[in-house]
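S.K.: Chains as they are written, first to last, in numbering that gives the first Met the number 0: chain C, 0 to 289; chain V, 0 to 289; chain Y, 0 to 289; chain X, 0 to 289; chain D, 0 to 289; chain U, 0 to 289. Where is the CB? At the ideal position from N, CA and C, for every residue including glycine.
Protein chains: 6
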Amino acid sequence: MRFDEAYSGKVFIMSNPSYEESKAVIYGMPMDWTVSFRPGSRFGPARIREASLGLEEYSPYMDKHLEEVNYFDAGDIPLPFGNAARSLDMVEEYVDKLLADGKFPLGLGGEHLLSWPIFKAMYRKYPDMAIIHMDAHADLREQYEGEPLSHSTPIRKACGLIGPENVYSFGIRSGMREEFQYAKESGMHMSKFEVARPLKEILPSLAGRNVYVTIDIDVLDPAHAPGTGTAEAGGITSKELLEAIGAIAKSDVNVIGADLVEVAPAYDPTEQTQIAASKFIREMLLGWVK
Amino acid sequence: MRFDEAYSGKVFIMSNPSYEESKAVIYGMPMDWTVSFRPGSRFGPARIREASLGLEEYSPYMDKHLEEVNYFDAGDIPLPFGNAARSLDMVEEYVDKLLADGKFPLGLGGEHLLSWPIFKAMYRKYPDMAIIHMDAHADLREQYEGEPLSHSTPIRKACGLIGPENVYSFGIRSGMREEFQYAKESGMHMSKFEVARPLKEILPSLAGRNVYVTIDIDVLDPAHAPGTGTAEAGGITSKELLEAIGAIAKSDVNVIGADLVEVAPAYDPTEQTQIAASKFIREMLLGWVK
Amino acid sequence: MRFDEAYSGKVFIMSNPSYEESKAVIYGMPMDWTVSFRPGSRFGPARIREASLGLEEYSPYMDKHLEEVNYFDAGDIPLPFGNAARSLDMVEEYVDKLLADGKFPLGLGGEHLLSWPIFKAMYRKYPDMAIIHMDAHADLREQYEGEPLSHSTPIRKACGLIGPENVYSFGIRSGMREEFQYAKESGMHMSKFEVARPLKEILPSLAGRNVYVTIDIDVLDPAHAPGTGTAEAGGITSKELLEAIGAIAKSDVNVIGADLVEVAPAYDPTEQTQIAASKFIREMLLGWVK
Amino acid sequence: MRFDEAYSGKVFIMSNPSYEESKAVIYGMPMDWTVSFRPGSRFGPARIREASLGLEEYSPYMDKHLEEVNYFDAGDIPLPFGNAARSLDMVEEYVDKLLADGKFPLGLGGEHLLSWPIFKAMYRKYPDMAIIHMDAHADLREQYEGEPLSHSTPIRKACGLIGPENVYSFGIRSGMREEFQYAKESGMHMSKFEVARPLKEILPSLAGRNVYVTIDIDVLDPAHAPGTGTAEAGGITSKELLEAIGAIAKSDVNVIGADLVEVAPAYDPTEQTQIAASKFIREMLLGWVK
Amino acid sequence: MRFDEAYSGKVFIMSNPSYEESKAVIYGMPMDWTVSFRPGSRFGPARIREASLGLEEYSPYMDKHLEEVNYFDAGDIPLPFGNAARSLDMVEEYVDKLLADGKFPLGLGGEHLLSWPIFKAMYRKYPDMAIIHMDAHADLREQYEGEPLSHSTPIRKACGLIGPENVYSFGIRSGMREEFQYAKESGMHMSKFEVARPLKEILPSLAGRNVYVTIDIDVLDPAHAPGTGTAEAGGITSKELLEAIGAIAKSDVNVIGADLVEVAPAYDPTEQTQIAASKFIREMLLGWVK
Amino acid sequence: MRFDEAYSGKVFIMSNPSYEESKAVIYGMPMDWTVSFRPGSRFGPARIREASLGLEEYSPYMDKHLEEVNYFDAGDIPLPFGNAARSLDMVEEYVDKLLADGKFPLGLGGEHLLSWPIFKAMYRKYPDMAIIHMDAHADLREQYEGEPLSHSTPIRKACGLIGPENVYSFGIRSGMREEFQYAKESGMHMSKFEVARPLKEILPSLAGRNVYVTIDIDVLDPAHAPGTGTAEAGGITSKELLEAIGAIAKSDVNVIGADLVEVAPAYDPTEQTQIAASKFIREMLLGWVK
């Protein structure tokens, strides 16, 4: 008596209703508690699923069809409102469970701080992992106005966890002077302003590595993704981001998980942000889940 | 591994996950194929559920809490795009099944034509039924530009099915001359412009009767419900509609099912239409499901 | 080879394509040059026509059908951008011509200053005329920051022209102290805050009189007409304005012409302002053109 | 070399640039950290000031002009992002200072929790004070999901501070069962759904009392104030709120301070919420500051 | 007594009021009956005309002025609501008539299926014709969910009519696997993702040919044209589309007619979609009508 | 008792509260009286300041921090509504004063005509000055419909003032034929369509020169700046404009002042226009004020 949930956008199109049979798991993390400027990414996962209704199931970029990938949409983790510490713990426990079950975790944010507990869970299973990070912001702060759990900090934490030499940032065009200095001195990789070209240059050196990919939707120019909390002019096109996703798919890295964060639908009455985001998720499923 | 669906607005708040245990069933009918002016009510049910997240579970109008009512949210019926005849058949079969299982059907539209198959299913079980209808439009046309399956026709069809003397319309302020003539001559009841006052006068005469209630959100003034396809100035306030819902709850009629239709979120960037609609659904659950 | 202009909202629905045969003439005045706060009423006439597509042609308020009234839609007068003095002259000449041809002029604004040249043309033909004025603002200033041609002045000018004792204002809730003092001392009639009740009391005293009616859409509360330049909280409902239009229709006054001004569509993404305005125009055609 | 700040809406119109000379002080509290549903009231004070540009300086409700009241606009208190406890302390200290200087405090929110530190400061100076509270929500919770500093709690805290018998709530239409029970049993006054009528009945009993007034903009129906975080259908009109403000002005109570909270501009593209709010502030200045 | 229709955007700027004297004819096709996702392109033609008011009449791209081209704007064909088959017949008859009168047909959509009857009429007159097609979607389906009259099918139908070897598609980035296979195997030309570069390579081979050009506005990235039903990320810029239009103008092909479809204004509150579309129409008039 | 004005966006972030100590002065010019299409840039300066709240204070483009530049934000010049001539005089007097005090003037518009009085003041102090102009429109008209004070004329006036050979326009893609002819014949420099590449070619020839830079936000494509009065498709990206600003900073020209005009927030609900504009202002401060 319950109707197919893909109908009317409750789950991502073509998802397999069985967790057990699936290879990848899509999960939402509707938290924006630590956002300093324009909040609203808590509604991102739901609107990305809804927009997936308008997608074709076949990709001419990958020459692949969604029926060739087996994935389950778990819905949103019920993160406790206003409690960042507990929310992050829940995400970490959940990803631990997914990894124990051999799943490929594909997270939908929510704010970027949510990548931090994912990193920790991934690292326990893949201690040799590298991180590819696409973003407008460096996210390399140690804290934000005294608060270590802030959406400006996850990549700095990642550097501490897996070593800065294993972190590769692309498209960065905003941050404090200290963040750019840290990037220069720490041994991490940072490509400013651009994504596809420098990524293609780096990928061969990552061949054979286990790589987690985290994408902040604001790596796109506001023209392509106005629906985000801290829009930053001077970004890349959605065409370039599709090219980057494709480059990873065609490379020899082993993608072990991924997330797409910071979609905040309230600031985009045209809905193009979630429409683009749902296409990126399709490409990630088709190109990265093997 | 699947998360609670009420979280992030996938089902109406406080719904019981078990169909079997439930007394009432909320179901969506995302169809707007026959709409002549501004389409978009296909997205109504999803946004009403989403808006239910902002509701209190207790009602000071009814002095009752949603945990006192047992209801299941079935999601949306997967109506075939563009095929009105088949869509109506599917709704009719579904309501037949609900009634066979002893459930109280609570439908979310979608366009008003969807009430027609519901009427047919209800009538098979309750051949003595009456209909209370709140709407800006008479919906008494025999056809619309040659098409008998139109959103302008369901109440005329209802008159044919259960007898015009069993149909009670309120708040009507738009229609063709022929529709108003039919209302006058056929023996049905029609209150123009107003809802709460005339309804309270009529209710005693319906005491003990089995009554189905259909509400078109455009009975409200566009100030209170701009998110609808054929907004019509001069309507009632949401306060008056809450009063009407309460009057039925306090009366001696036996409500056997209900629907709320024509919420079209795209025309209301303030979201107040679905916010109001979700409150009306809460009141209907609390006041009418016994 | 040219298609019917009523189709897709180029002219008001059901207008007669022949100027000669028509009794009333709808004309647009797309000027907002003297507006001090939020400009945009220059687009009002076009959007009112467009919204007329969603109207029923029959009115249950008047029990009358648009085919019973013969009117022509002349389009918009090509007022020269930025030149208020010349624009007003063009309106005056045009209304002179309409009156010479025996037409009932029905103007769509544009800003309220446009009523001033209409008053002058009407007065030449009807030296005994009275004016009924519904508005949030008194519009009784002598000038606005030194400028006598301002949208805050037309009713003061009208008092000078036809005598304050022949001017009746309703719904006023904003103005300078001097305007309210003038209203009290000059002998004009001013009803503050309310429209329908005081209007009904006044109408019998105007029986047999020639009356021009000017309605500023902001007499409505912003809840009912957000699409206007100087929205003012505390206004009347669209229901009350419909009641007022009906009261005039049922009275013994002889309406000689009318206008509806200050619809500024850009501030109302819900489109309810022009939807309501087109309904008021329908009622004015049905009730006032005899 | 610095230009007049009232120009372009930086301060409320007609404010006196001198703190020392002023009788009343307008201050903003741009905090929305504890909001559970739709955040954004942090931008409320700035947009209310901006909208004041469109106001007339004279009020026909009060027959008074803003030049008859002497007030200073202090701007917004720089509340530390995300730190509710410290923010509340800052507000309390600030109001203490205002009272020490003999000023009438007029606060602009921001979320409703901000009224709590104001109550504490007021109570130190006026231990016999009463509170008049207009709101859609009871705000009588002891805590919200474990958190005592929540926007659902300020009136409960007020009851604890000054005694429930000195708290008068109006317009309440949403809350938990426990809040309505508390209202009934505690000895406080609560009028459900309505404001102006019950307020007028109560006011004589408050004659001569020192009264602080706190208004949550969501006491208005969403039709009149869509720009708020937790819009609740079934509210009052802006006309009724103007009537209530006027009734207090005409009564014999001694208003000692006031606030207007929960204006969240992002949800209202028509801007009518802040337009109405700025009018209420004008009326409060004219009617309550003596 | 009727005013110039170009004034206030009723016809495309600078159109000649005489059908007889004109070389090209602009006509609107306000139909979106077969759209599966977001309807609304029925309002496209009217808003493109309205936006033409903001255009310069001279083009620095073409170094030409609109007064050098003679065109008539016929308004919108009154297509019968909901009846796709009859609507297509009407379009076909109309284009037949235009061609019989020696006119260059320039159609404004509405949905892309409307190009199908145009193709048929063109083919009768120009049996050697080729088609240039710019679009995000392949539109090569044989049917859509059983329905052969769908907006996903016109290019497949065109291949059947004029031979796939005479069909040239550019910018395609969405479709079913079967559509891309058909493109590969049938002998038609398809350039994926890009438009200007491959078009310039192809144009010499079309020298001297009669060519009809159909442009779906969604060939643009949603950043440049958010106002369309099925926005698809990863598209081209408006700069590239202007370059493509210019390349055709400078080539030796003989353009025999053209259309621009799928502008759906409701999804673009910035109005940039119709602003861009009106500029493309100007360029097509200046560059292609000879 | 007055709070920091940078808080809540009243002044541009990090501005020095002392005029005397500052090197540069930001001033707003809220005038749009001569705009022919979509008015609203009068609100541009206020929203650019507000958006500056979301900026980082450090720029990775310039590798510089705002604390390294000393600037004062003077607020908006109180230009008299509707009086263009007097407004321009006030701007000229104000810039004269700034220059007399040795300040670097950084103006925020407001319409482009406002650059004309600035040019005059600059020229008195720097008779050898050159102008770099980035814009979609040539602005080379002698008058607009008879009016010499129009937003289409400032660059033509500049040519008359400082000699066409000292004027360099970039990104131009709209104008009358006469304007392009003038550009060709007068000796001025005009680069059509592009900005960064031709600018970099020209800059060496301007080495050592005193240069004033005027930027019309509509040089950007509407995808990047929809919030402007006369949006023109086919423009540059915000990335290219950042590159152009950087190229000037790295060149050997001596920037003596600058303005950024035509931001009209009402047409951009995503707010990306003012977000981008505030970033451009930051880069201009960091790169051009020496």
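Of all the CB atoms in chain V, is at least one closer than 8 angstroms to the CB of R172(X)?
M.R.: yes
S.K.: Along the chain, which unbroken stretches of the beta strand (DSSP E) at least 3 residues long are found entirely within the segment 124-176 of chain V?
M.R.: The segment 124-176 of chain V contains these whole beta strand (DSSP E) runs: 129-133, 166-171.
S.K.: Roughly how many angstroms separate the alpha carbons of S40(X) and T269(V), rounded to a whole number?
M.R.: 15 angstroms
S.K.: Relative to the C-alpha of I76(V), which candidate in R155(V), L97(V), T272(V), E20(V) has its C-alpha closest?
M.R.: L97(V)
S.K.: For a test of the three-state rule: what should DSSP assign to K289(U), helix, strand or coil?
M.R.: coil
S.K.: Using a beta-carbon distance below 8 angstroms, is A265(D) in contact with chain V?
M.R.: yes
S.K.: Between N253(D) and the rest of its own chain, which residues show a CB-CB distance below 6 angstroms, the 5 nearest in sequence each way excluded?
M.R.: N209
S.K.: Across the segment 267-286 of chain U and the segment 239-255 of chain U, are there enough close Cβ pairs to call them in contact, namely three or more that are closer than 8 angstroms?
M.R.: yes
S.K.: Whole-angstrom Cβ separation of I154(C) and D138(C), contact assumed at under 8 angstroms?
M.R.: 4 angstroms
S.K.: Between the C-alpha atoms of G27(X) and H188(V), what's the straight-line distance to the nearest angstrom?
M.R.: 54 angstroms
S.K.: Are there 16 or more other CB atoms within 10 angstroms of the CB of E49(X), so buried, or fewer, so exposed?
M.R.: Label assigned to E49(X): buried.
S.K.: Less than 8 angstroms between CB atoms is the rule here; does E270(Y) satisfy it with respect to chain X?
M.R.: Chain X, which has no Cβ nearer than 8 angstroms to the Cβ of E270(Y), makes this no.
S.K.: Checking contacts by CB at 8 angstroms: is L105(U) closer than that to chain C?
M.R.: no
S.K.: Ignoring anything shorter than 3 residues, give me the beta strand (DSSP E) runs that lie fully in the segment 174-219 of chain U, in order along the chain.
M.R.: 188-191, 209-215
S.K.: DSSP state of A73(U), grouped into three classes?
M.R.: strand
S.K.: For the beta strand (DSSP E) that M28(X) lies in, which residues bound it at each end?
M.R.: 23-28
S.K.: Check the Cβ of M175(V) against every Cβ in chain Y and list those closer than 7 angstroms, keeping chain order.
M.R.: The contact set of M175(V) on chain Y, defined by CB atoms closer than 7 angstroms, consists of E55, Y57 in chain order.
S.K.: Just verifying my parser: in three-state terms, what is the DSSP assignment at V254(V)?
M.R.: strand
S.K.: Counting contacts by CB-CB distance shorter than 8 angstroms, is G43(X) in contact with chain V?
M.R.: Output row for G43(X): interface = no.
S.K.: Would you call A84(C) buried or exposed, if buried means 16 or more other Cβ atoms sit within 10 Å of its Cβ?
M.R.: Exposed: under 16 other Cβ atoms inside 10 Å.
S.K.: Beta-carbon of D75(D) versus every beta-carbon of chain C: anything under 8 angstroms?
M.R.: D75(D) does not count as touching chain C.
S.K.: According to DSSP, which residues form a beta bridge with I247(U)?
M.R.: The partner list for I247(U) (beta bridge, DSSP) is empty, contrary to what the question assumes.
S.K.: State buried or exposed for D100(X), treating a residue as buried only when at least 16 other CB atoms are found within 10 Å of its CB.
M.R.: exposed
S.K.: Output the boundary residues of the alpha helix (DSSP H) element that contains L97(V).
M.R.: Segment 83-99, the alpha helix (DSSP H) holding L97(V).
S.K.: Since P104(U) is in the beta strand (DSSP E), which residue starts that stretch and which ends it?
M.R.: 103-108
S.K.: Kindly list the residues whose CB is nearer than 6 angstroms to the CB of L112(V), restricted to its own chain and excluding five residues on each side of it in sequence; keep chain order.
M.R.: Excluding positions up to five away in sequence, the list reads T33, H150, P153.
S.K.: In the DSSP assignment, what residue or residues form a beta bridge with K119(U)?
M.R.: Looking at the DSSP output, K119(U) sits in no beta bridge, so it has no partner there.
S.K.: Check distances from the C-beta atoms of the segment 224-254 of chain D to those of chain U and list, in chain order, the residues that come in under 8 angstroms.
M.R.: T236, S237, K238, L241
S.K.: Compare the C-beta of A195(Y) against all C-beta atoms of chain A and say whether one is closer than 8 angstroms.
M.R.: In the structure shown, chain A does not exist; the protein chains are C, V, Y, X, D and U.
S.K.: Hey, could you find the ends of the alpha helix (DSSP H) G43(U) is sitting in?
M.R.: 43-51
S.K.: Mind checking whether I47(Y) and Q271(Y) have CB atoms under 8 angstroms apart?
M.R.: no
S.K.: Under 8 angstroms, do K22(V) and Y70(V) count as touching if we go by C-beta distance?
M.R.: Judged by their CB atoms, K22(V) and Y70(V) are nearer to each other than the 8 angstroms cut-off.
S.K.: Does the segment 164-177 of chain D come close enough to the segment 188-205 of chain D to have 3 or more Cβ pairs within less than 8 angstroms?
M.R.: yes
S.K.: Let me know if E20(D) comes out buried or exposed under the rule of 16 or more other beta-carbons within 10 Å of its beta-carbon.
M.R.: exposed
S.K.: Using a cut-off of 8 angstroms between C-beta atoms, extract the partners of A291(D) located in chain C.
M.R.: Examination of residue 291(D) is not possible in this model, given that chain D is present from 0 through 289 alone.
S.K.: So, A31(U) versus G109(U), is the Cβ gap smaller than 8 angstroms?
M.R.: Residue 31(U) is actually Asp in this sequence, not Ala. Closer than 8 angstroms, so yes.
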